[in-house]
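Residue numbers (the working numbering): 1 to 276. Idealized CB from N, CA, C, for every residue including glycine. Written below as structure tokens is the structure these notes are about.
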Ligand code: ADP
């Protein structure tokens, strides 16, 4: 990898479902972007847009998941190399609780570490230690032996975050991770994410239907156009959340509400096809 190589690049990426059939449907069209690699920092990209405009498709393509990958056109590169499927360098957190129901919290966090033990060069003791450390970091110490059905929605998302971050991915993909949670829990999870992000310094892509969440978490926000999805508008240079400052406090500041209003106005303009 040469210095300055972007961490993620999409070049003219299009995804057409059922291409060449009467059911052909273009989910995303000609999407190009490049995310710089800031060593020791990472970026936080908030993605919003009308439902069905291809936001999840973009994340799943970048994850390299089989149902989505490869794109119909274009190329996706990570650290300058075309991807050819999933990789340990990309972690994913879904909206729906994605832990294995038959494994405990500990078993779930250890699972990915075990699967990748050779690549990570870990012994069984190191796997156990790393899993315990991540369970503690996401605030689940004392819940190690519970099964997913014994946990609240917020706790289940904490497991999903621990499972992903334990593998130290340079890129974290989050698909509406907090959408199913009540508002106080969502704010708690935002605070947790900010705290962990300061530590792991990954590049995070977060799809959310909450403009406030995208503006709060993102240093860059993309607004997608209605289908076929494209990045219709990009807002850069948003202030990053400060670890230790409660999200509710930060989100009450006038500059925050002004930024949310500006993004909401742009969102509405794009949603209605450019009409004010
Ligand atoms: P968003 O995340 O913005 O709500 P998605 O990326 O989930 O949008 O979906 C974009 C479009 O692609 C939707 O119209 C959806 O129905 C379609 N789509 C998603 N997955 C498939 C699939 N496996 N087969 C056919 N169409 C799909």
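- Taken in chain order, the complete beta strand (DSSP E) segments of 3 or more residues contained in the region 32-106 are 44-48, 73-78 and 90-93.
- Three or more Cβ pairs closer than 8 Å define a contact, and the region 189-202 falls short of that threshold against the region 19-26.
- Under the criterion of beta carbons closer than 8 Å, residue 144 and residue 203 do not qualify as touching, at roughly 30 Å.
- Remark: the shortest separation between the CB of residue 64 and any heavy atom of ligand 1 does not fall under 8 Å.
- Counting C-beta pairs closer than 8 Å gives three or more between the region 169-178 and the region 204-215, which meets the contact rule.
- Burial of residue 44 is indicated by the presence of at least 16 other C-beta atoms within 10 angstroms of its C-beta.
- Contact annotation: residue 15 and residue 82 have beta-carbon atoms that are not nearer than 9 Å.
- Proximity to residue 184 across 142, 262, 253 and 246 peaks at 246, based on C-alpha coordinates.
- For residue 136, the uninterrupted alpha helix (DSSP H) run begins and ends at 124-137, by DSSP.
- Boundaries of the beta strand (DSSP E) harbouring residue 11: 8-17, taken from the DSSP string.
- In this structure, DSSP gives residue 207 an extended state, which the three-state scheme calls strand.
- When the alpha-carbon of residue 200 is set against those of 225, 11 and 161, the nearest one is in 161.
- A distance below 6 Å between beta-carbons, with the five flanking residues on each side excluded, links residue 34 to the following residues of its chain, in chain order: 6 and 9.
- Taking the Cα of residue 137 as reference, the smallest distance to any Cα among 238, 159 and 271 is reached at 159.
- Excluding five sequence positions before and after residue 116, the CB atoms of its chain that fall closer than 7 Å to its own CB belong to 88 and 167, given in chain order.
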